[in-house]
Amino acid sequence: MLERIEEIRAEANAAIGAAASSAELEELRVRYLGRKAELTGVLRGIADLAPEERGKVGGAANKARKELEALLEASAERLDASELDARLVADRVDVSLPGAPPRAVGHTHLIARTTRQIEDIMVGLGYSVAEGPEIEHDYYNFTALNHPPGHPARMLQDTFYVRSHPEVLLRTHTSPMQIRAMETQPPPIFIVIPGKVYRRDSDATHSPMFHQMEGLAIAEGLTLADLQGTLLAMVRGIFGGEREVRLRPHFFPFTEPSVEVDVSCFQCEGTGTLADGERCNLCKGQGWIEILGAGMVDPNVLGFVADSGYDPERVQGFAFGLGIERVAMLRHGVPDLRRFFDNDVRMLEQFS
Amino acid sequence: MKVPYSWLREYCDPGVAPEELAERLVMTGTEVERVTIAGPPSAESFVVGKVLSAEQHPDADRLRVCAVDVGDGERTIVCGAPNVAAGQTVAVALPGARMPGGEKLRKAMLRGVASEGMILAADELEVGDDHDGILVLDEGLSAGAPLSEVLPLAEPVLEIEVTPNRVDCFGVHGVAREVHAISAAPLAADPWAQDAAAEGQGEVSDYASVTVEVPDLCPRFTARVFTEVEIGPSPIWLRARLAAAGQRPINNVVDITNYVMLLTAQPLHAFDLDKVPGGALTVRVAAEGEKMTTLDDVERTLDAETVLVCDGNGPSGIAGIMGGQVSEVSAETTRVLLEVANWNGTNILRTSRQLGLRSEASSRFEKQLHPVLCWRAQAIASRLMLEICGAKLVPGTIDVVGEIPEPRRIRLRAARVKGLLGMTVAQADQVSYLERLGFGVEVDGEDLEVEVPPDRHYDVTREVDLIEEVARVHGIDEHLPTTLPAVARTVGGGLTREQRLCRRAEDGLRDLGFDQAVGWSFTDPGEPGRLRIPDDDPRADPVLMSNPLSEDQSAMRTMVLGSLLDIASRNVARGVDRLALFEAGSVYLRGAPPADGPLAGAFRGKISAPATEPLRFAALALGPLAARSWRGDAEAVDFFALKGDLEALARQLGAEFAFAPAAEPFLHPGRAAAVSVGGEAAGWIGELHPLVCRAWDLDAAVAFEVDAAPLLAAASAGEETYEDVTTFPAAYQDLAVVLPTEVAATTVREAILAGGGELLRSADVFDLFEGAQLGEGRKSLALSLEFRAPDRTLTDAEVTGLRDAIKATLEKIGGTLRE
Numbered sequence: 446m447l448e449r450i451e452e453i454r455a456e457a458n459a460a461i462g463a464a465a466s467s468a469e470l471e472e473l474r475v476r477y478l479g480r481k482a483e484l485t486g487v488l489r490g491i492a493d494l495a496p497e498e499r500g501k502v503g504g505a506a507n508k509a510r511k512e513l514e515a516l517l518e519a520s521a522e523r524l525d526a527s528e529l530d531a532r533l534v535a536d537r538v539d540v541s542l543p544g545a546p547p548r549a550v551g552h553t554h555l556i557a558r559t560t561r562q563i564e565d566i567m568v569g570l571g572y573s574v575a576e577g578p579e580i581e582h583d584y585y586n587f588t589a590l591n592h593p594p595g596h597p598a599r600m601l602q603d604t605f606y607v608r609s610h611p612e613v614l615l616r617t618h619t620s621p622m623q624i625r626a627m628e629t630q631p632p633p634i635f636i637v638i639p640g641k642v643y644r645r646d647s648d649a650t651h652s653p654m655f656h657q658m659e660g661l662a663i664a665e666g667l668t669l670a671d672l673q674g675t676l677l678a679m680v681r682g683i684f685g686g687e688r689e690v691r692l693r694p695h696f697f698p699f700t701e702p703s704v705e706v707d708v709s710c711f712q713c714e715g716t717g718t719l720a721d722g723e724r725c726n727l728c729k730g731q732g733w734i735e736i737l738g739a740g741m742v743d744p745n746v747l748g749f750v751a752d753s754g755y756d757p758e759r760v761q762g763f764a765f766g767l768g769i770e771r772v773a774m775l776r777h778g779v780p781d782l783r784r785f786f787d788n789d790v791r792m793l794e795q796f797s
Numbered sequence: 014m015k016v017p018y019s020w021l022r023e024y025c026d027p028g029v030a031p032e033e034l035a036e037r038l039v040m041t042g043t044e045v046e047r048v049t050i051a052g053p054p055s056a057e058s059f060v061v062g063k064v065l066s067a068e069q070h071p072d073a074d075r076l077r078v079c080a081v082d083v084g085d086g087e088r089t090i091v092c093g094a095p096n097v098a099a100g101q102t103v104a105v106a107l108p109g110a111r112m113p114g115g116e117k118l119r120k121a122m123l124r125g126v127a128s129e130g131m132i133l134a135a136d137e138l139e140v141g142d143d144h145d146g147i148l149v150l151d152e153g154l155s156a157g158a159p160l161s162e163v164l165p166l167a168e169p170v171l172e173i174e175v176t177p178n179r180v181d182c183f184g185v186h187g188v189a190r191e192v193h194a195i196s197a198a199p200l201a202a203d204p205w206a207q208d209a210a211a212e213g214q215g216e217v218s219d220y221a222s223v224t225v226e227v228p229d230l231c232p233r234f235t236a237r238v239f240t241e242v243e244i245g246p247s248p249i250w251l252r253a254r255l256a257a258a259g260q261r262p263i264n265n266v267v268d269i270t271n272y273v274m275l276l277t278a279q280p281l282h283a284f285d286l287d288k289v290p291g292g293a294l295t296v297r298v299a300a301e302g303e304k305m306t307t308l309d310d311v312e313r314t315l316d317a318e319t320v321l322v323c324d325g326n327g328p329s330g331i332a333g334i335m336g337g338q339v340s341e342v343s344a345e346t347t348r349v350l351l352e353v354a355n356w357n358g359t360n361i362l363r364t365s366r367q368l369g370l371r372s373e374a375s376s377r378f379e380k381q382l383h384p385v386l387c388w389r390a391q392a393i394a395s396r397l398m399l400e401i402c403g404a405k406l407v408p409g410t411i412d413v414v415g416e417i418p419e420p421r422r423i424r425l426r427a428a429r430v431k432g433l434l435g436m437t438v439a440q441a442d443q444v445s446y447l448e449r450l451g452f453g454v455e456v457d458g459e460d461l462e463v464e465v466p467p468d469r470h471y472d473v474t475r476e477v478d479l480i481e482e483v484a485r486v487h488g489i490d491e492h493l494p495t496t497l498p499a500v501a502r503t504v505g506g507g508l509t510r511e512q513r514l515c516r517r518a519e520d521g522l523r524d525l526g527f528d529q530a531v532g533w534s535f536t537d538p539g540e541p542g543r544l545r546i547p548d549d550d551p552r553a554d555p556v557l558m559s560n561p562l563s564e565d566q567s568a569m570r571t572m573v574l575g576s577l578l579d580i581a582s583r584n585v586a587r588g589v590d591r592l593a594l595f596e597a598g599s600v601y602l603r604g605a606p607p608a609d610g611p612l613a614g615a616f617r618g619k620i621s622a623p624a625t626e627p628l629r630f631a632a633l634a635l636g637p638l639a640a641r642s643w644r645g646d647a648e649a650v651d652f653f654a655l656k657g658d659l660e661a662l663a664r665q666l667g668a669e670f671a672f673a674p675a676a677e678p679f680l681h682p683g684r685a686a687a688v689s690v691g692g693e694a695a696g697w698i699g700e701l702h703p704l705v706c707r708a709w710d711l712d713a714a715v716a717f718e719v720d721a722a723p724l725l726a727a728a729s730a731g732e733e734t735y736e737d738v739t740t741f742p743a744a745y746q747d748l749a750v751v752l753p754t755e756v757a758a759t760t761v762r763e764a765i766l767a768g769g770g771e772l773l774r775s776a777d778v779f780d781l782f783e784g785a786q787l788g789e790g791r792k793s794l795a796l797s798l799e800f801r802a803p804d805r806t807l808t809d810a811e812v813t814g815l816r817d818a819i820k821a822t823l824e825k826i827g828g829t830l831r832e
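Line by line, the protein sequences give chains A and B. Mapped onto the numbering used here, the consecutive letters of the first sequence carry residue numbers 446 to 797. Mapped onto the numbering used here, the consecutive letters of the second sequence carry residue numbers 14 to 832.
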């Protein structure tokens with residue numbers, strides 16, 4: 446009997462080892478370990494054996510069964526893995542087909558992006574951000590900014606007025622918020638004011654609506670030199686760390702002294718000439734690009750907010766204003782101001 | 014302001030090329046837009062010629078064949094001018110000369126006769142627009158002399174953009190003073206220093222009288238009378254100068270008035286005295302509606318603030334702006350009354366704007382000239398009248414004048430100079446800069462006592478104005494240090510919470526796949542109609558502009574939707590078939606803004622804004638939201654697709670929108686919802702009404718528009734508090750409830766949340782089923798529920814109890830649980 450068990454074990458062992466598929470393996474399992482299998486019969490008939498043989502035969506049969514079970518299991522794992530491989534190899538796609546399209550990726554408008562960039566630079570310099578009304582009183586837009594009624598400086602900005610309200614207009618600059626801010630908060634004050642402004646003008650370089658960023662800094666002892674440093678920091682933040690600024694005296698009614706500010710050209714590195722010897726088209730060979738207007742806040746302006754703690758003999762400071770579109774046009778080569786408001790998605794989607 | 018370089022150098026010669034001077038002017042505050050060349054680009058090959066003979070061309074009636082001595086011999090020149098004659102001294106361009114515009118002159122055959130040059134007319138040299146005949150020069154010139162010795166050729170002209178404060182630089186002399194200040198090159202004696210000899214008959218009062226009824230508006234009126242005036246063309250140098258300065262030569266008297274204005278910035282006006290009845294002039298304001306015809310041949314209707322210069326027959330000119338035709342100087346004029354007046358700048362500016370009429374004179378007067386300038390202009394003009402027109406000056410000057418402002422005296426403190434600029438300017442430098450600019454300066458210790466010259470009286474009024482003068486002449490670019498204000502670092506800036514949340518909302522919409530648009534704030538007043546908004550709706554009552562660029566841009570938008578529709582329509586017209594746009598922008602509503610709220614602003618000022626400008630988040634989508642694919646196309650965006658995005662926007666901010674069925678005239682009535690947040694109305698969402706889509710040439714679109722203020726007020730992003738979700742596990746259950754179809758999902762969810770109480774943490778709809786087995790008019794909603802207690806693990810019994818409570822609340826709204 447013991448020999449027979451050994452024969453079965455050896456035969457099954459060889460068969461299982463040679464099995465080539467899960468189906469064959471299952472067949473072998475039924476044949477050697479199933480209900481009708483010889484080994485199962487041996488185990489079932491142990492009770493009928495002589496008592497002295499029961500232990501030996503039972504032990505051998507159980508050992509054989511366990512060995513075969515383990516062998517079956519190992520073989521099954523081996524066969525599963527190779528069959529899976531075969532299935533996967535057969536399950537082939539054309540990986541060169543395009544992927545499933547996701548929801549389209551959205552884009553931030555270039556004006557919003559540029560505005561944020563400048564805000565972030567100025568926040569880093571200790572400034573807060575203030576926004577204000579676009580429909581404004583003449584008082585804030587002109588009078589309190591040292592443009593008295595009948596003053597020729599008002600002619601510099603062609604203004605939209607609101608029907609039946611001759612004293613109400615669309616702000617021509619973000620500067621009215623200088624006054625509102627100073628009326629609200631005593632010095633020191635360091636703010637930038639982004640927003641829409643309006644002038645009655647329309648061509649490739651003028652849009653009746655455009656965006657400005659105003660800066661205002663008032664405290665004790667601020668100087669024109671501080672303005673130069675602040676503008677240098679801002680301009681380098683926008684156009685790169687190699688840039689320089691150049692202040693040219695100018696006239697604005699609400700600053701004195703007033704300056705126009707140029708940034709050294711970032712296309713020709715301020716040389717006016719490109720690598721190929723051509724005249725730089727961005728700065729028109731000048732090496733400098735006009736970028737904003739600025740100046741020391743005129744004492745007359747502070748006089749309008751003297752009640753709020755702005756004594757021109759005690760505090761002073763500077764203001765500046767730059768065109769967001771102008772910065773974006775320079776940085777990204779947009780040729781026409783009006784393109785910003787077309788909102789052609791073919792343009793919107795160029796700026797990630 | 015065009016400044017011919019040779020004219021400028023007559024008063025101050027900086028000794029540098031015009032381009033270099035321009036650069037220096039630009040860096041000291043005088044904007045030179047460009048340097049151009051008047052006349053031919055080079056003086057080479059332009060000579061003086063003597064016409065020896067002028068014979069009829071054998072084959073052309075209108076041409077003459079001239080023999081011309083050009084110094085180095087005789088040349089044959091064919092000339093078409095009717096006035097060419099033997100004996101004339103003329104301007105000749107020889108072959109090789111470059112004509113204005115750059116064209117090179119060559120020998121030419123003219124109807125069979127070789128012409129070796131060209132006898133020039135005024136316009137060919139750009140010294141006037143006269144082309145009727147050749148330019149006849151002074152006989153005393155010798156043949157072959159370079160023409161540039163006679164008149165400026167290749168004249169560099171500085172084109173200066175004068176800022177409104179610097180009315181002095183509207184005169185060549187003012188620019189020369191500026192050049193003197195910045196270059197320290199010597200300044201010639203004042204051209205008005207010497208007056209003309211008065212050798213006419215009698216006294217000025219024998220000829221003319223002036224009455225000023227409005228001294229406030231006419232601070233000074235001076236008049237001189239000239240007799241024996243010979244009207245004719247001006248000498249060539251004067252015509253050349255005017256032409257280079259952009260002024261058309263007319264006749265000698267008018268040219269003198271223009272020349273003196275261009276030199277001194279003080280406008281003048283010449284009357285034909287014989288056309289002024291009795292020589293009597295009156296300065297008065299117009300009667301409301303009074304009419305007159307100005308020199309430009311336009312009849313103008315005047316108002317009661319318009320100042321007129323009148324004679325016995327009525328208005329003869331609009332003061333300071335433009336003369337009239339009645340007393341214009343003409344070829345027959347022999348006696349001239351020369352007016353040099355001073356006007357109220359504000360009034361001139363007002364009238365000029367009112368009439369839409371600007372002139373060289375008004376653009377100077379409107380910036381307020383000083384009354385002292387009248388005498389300067391009279392002196393220079395008188396000398397020229399004698400010299401050029403052979404006139405006699407009648408003794409005396411009519412001078413109707415009120416109080417002439419005292420010269421301003423201003424103290425300039427050294428400490429303020431340094432304190433404002435952040436750089437030190439040596440006292441000696443301050444003194445010389447100011448003196449060169451024409452200021453009187455006395456040193457007083459470290460400080461200066463400064464007297465302002467009349468040219469700068471209205472411009473330099475305070476210490477800070479002097480500091481600017483010192484700084485700009487000193488050289489800001491060259492000397493100013495670069496520093497940062499230390500105090501800014503202690504103030505501590507940053508974005509407000511609302512500003513950060515707005516950025517987050519914008520980024521959220523972008524990340525959901527929307528392209529950001531920036532729409533026009535303007536729209537056309539017909540937009541509310543196209544949106545089917547009834548007339549009594551406030552959104553149909555926009556803020557309107559009184560002077561729009563066009564009707565299409567005459568109203569301020571009351572909704573962002575119109576802007577998005579415009580943008581969508583343009584993109585669709587270009588062939589786009591799917592679009593997702595958003596805008597974070599303001600709308601403009603009548604009435605003052607609310608006193609507070611998150612967008613009332615940190616800096617409100619003392620006077621409330623005239624209108625309310627709420628910030629909105631708005632979006633519009635059409636077509637499928639994903640691109641076409643070989644795996645099958647995505648479905649076109651519908652109400653629920655966009656609603657999902659709007660809900661996601663709220664979640665980005667830690668808020669939750671509530672939706673309720675609502676009607677908007679521009680939305681599909683069955684697919685529209687009112688949106689609220691934190692119990693506040695916020696806006697709407699819906700599929701657009703087909704008629705609205707049609708008005709914008711769209712097939713279909715879905716949109717929402719919500720106010721930022723209530724959303725930001727309800728937002729919890731950034732303010733969250735930690736909640737323990739790990740210690741005690743949650744229990745999850747699904748339930749299905751059968752209800753009448755018309756019961757809204759929101760109602761069901763609210764009923765469930767009410768029934769579940771605090772321990773029910775969420776209830777989300779995940780299935781909707783309608784079918785015959787439920788019966789007509791009934792639906793089944795399935796929701797997943799999460800129960801959790803913060804302090805214990807919930808027992809089965811507790812959850813069963815909660816489920817029973819939910820069952821009870823559902824029954825109140827007609828729902829039964831499917832077990």
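We treat Cβ as the ideally placed atom computed from N, Cα and C, and that holds for glycine. Just so we're clear, the structure is a prediction, and the values are computed from it rather than from any experiment.
Original post:
Taking just the CA atoms, how far does B/Q214 sit from B/T410?
Top reply: Your numbering for residue 410 of chain B matches position 397 in the second sequence. Your numbering for residue 214 of chain B matches position 201 in the second sequence. Rounded to whole angstroms, B/T410 to B/Q214 spans 14 Å at the Cα level.
Original post:
Just how far apart, CA to CA, sit B/S5 and B/R603?
Top reply: Since the first residue shown for chain B is 14 and the last is 832, residue 5 of chain B is missing from the structure and cannot be characterised.
Original post:
What is the residue span of the beta strand (DSSP E) that B/I698 lies within?
Top reply: Numbered from its first residue, the second sequence carries residue 698 of chain B at position 685. Segment E693 to L701, the beta strand (DSSP E) holding B/I698.
**OP:** Closer than 7 Å, Cβ to Cβ, to anything on chain B: give me those residues from the segment 638-659 of chain A, in chain order.
**Re:** K641, R645, S647, P653 and M654
Original post:
Is A/S466 close to chain B, meaning its C-beta is less than 8 Å from at least one C-beta of that chain?
Top reply: Translated into positions along the first sequence, residue 466 of chain A becomes position 21. No, no contact with chain B.
**OP:** Taking only beta carbons into account, state which residues of the segment 542-560 of chain A come closer than 8 Å to chain B, listed in chain order.
**Re:** L542, P543, A545, P546, P547, R548, A549, V550, G551, H552, T553, H554, I556 and A557
Original post:
Can you tell which of B/H186, B/E626, B/R313 and B/H681 has the C-alpha that lies nearest to the C-alpha of B/L704?
Top reply: Taking the first residue of the second sequence as position 1, residue 704 of chain B is located at position 691. Closest option to B/L704, Cα to Cα, is B/H681.
**OP:** Could you check if A/H777 is buried or exposed, using at least 16 other CB atoms within 10 Å of its CB as the buried criterion?
**Re:** As a position in the first sequence, residue 777 of chain A is number 332, starting the count at 1. Its Cβ having fewer than 16 others within 10 Å, A/H777 is exposed.
Original post:
Where B/T495 and B/L662 are concerned, what is the direct C-alpha to C-alpha distance, given to the nearest angstrom?
Top reply: Numbered from 1 along the second sequence, position 482 holds the residue referred to as residue 495 of chain B. Numbered from 1 along the second sequence, position 649 holds the residue referred to as residue 662 of chain B. Going by the C-alpha atoms only, they are around 45 Å apart.
Subject >> Start-to-end residues for the alpha helix (DSSP H) that takes in A/T426 >> reply: The shown model of chain A, from 446 to 797, leaves out residue 426 of chain A, and the question about it has no answer.
Original post:
Interface residues of chain A around B/S66 at Cβ under 7 Å?
Top reply: To locate residue 66 of chain B, count along the second sequence from 1; it is residue 53. Residues of chain A passing the Cβ test: none, with the nearest at roughly 51 Å.
Original post:
Looking at the structure shown, is A/C710 part of a helix, part of a strand, or coil, going by DSSP?
Top reply: Here the question's residue 710 of chain A lines up with position 265 in the first sequence. Reduced to three states, the DSSP call for A/C710 is coil.
**OP:** Round the Cβ separation of A/V708 and A/R688 to the nearest angstrom and send it over; I've been treating them as touching at under 8 Å.
**Re:** As a first step, residue 708 of chain A must be located in the first sequence, where it is residue number 263. As a first step, residue 688 of chain A must be located in the first sequence, where it is residue number 243. Their Cβ separation, rounded to whole angstroms, is 5 Å, which keeps A/V708 and A/R688 in contact under 8 Å.
Original post:
Hey, B/L655 and B/F670: beta-carbon distance below 8 Å or not?
Top reply: By 1-based counting over the second sequence, the position of residue 655 of chain B is 642. By 1-based counting over the second sequence, the position of residue 670 of chain B is 657. Not a contact, by the Cβ cut-off of 8 Å.
Original post:
Of all the options B/G184, B/G588, B/V719 and B/G93, which has the alpha carbon lying nearest to the alpha carbon of B/P627?
Top reply: The residue you call residue 627 of chain B lines up with position 614 of the second sequence. Cα-wise, what sits closest to B/P627 is B/V719.
Original post:
In whole angstroms, what separates the C-alpha of B/S445 from that of B/S55?
Top reply: The sequence position of residue 445 of chain B within the second sequence is 432, counting from 1. The sequence position of residue 55 of chain B within the second sequence is 42, counting from 1. When rounded, the distance between both Cα atoms is 38 Å.
Subject >> Among A/L737, A/E770 and A/F786, nearest to A/T429 - alpha-carbon criterion >> reply: What the structure shows of chain A is the stretch from 446 to 797, and residue 429 of chain A is not part of that stretch, so it cannot be assessed.
Subject >> Rounded separation between B/V456 and B/E462 - CA only >> reply: What you label residue 456 of chain B is simply residue 443 of the second sequence in a count that begins at 1. What you label residue 462 of chain B is simply residue 449 of the second sequence in a count that begins at 1. Each residue's Cα considered, the two are about 6 Å apart.
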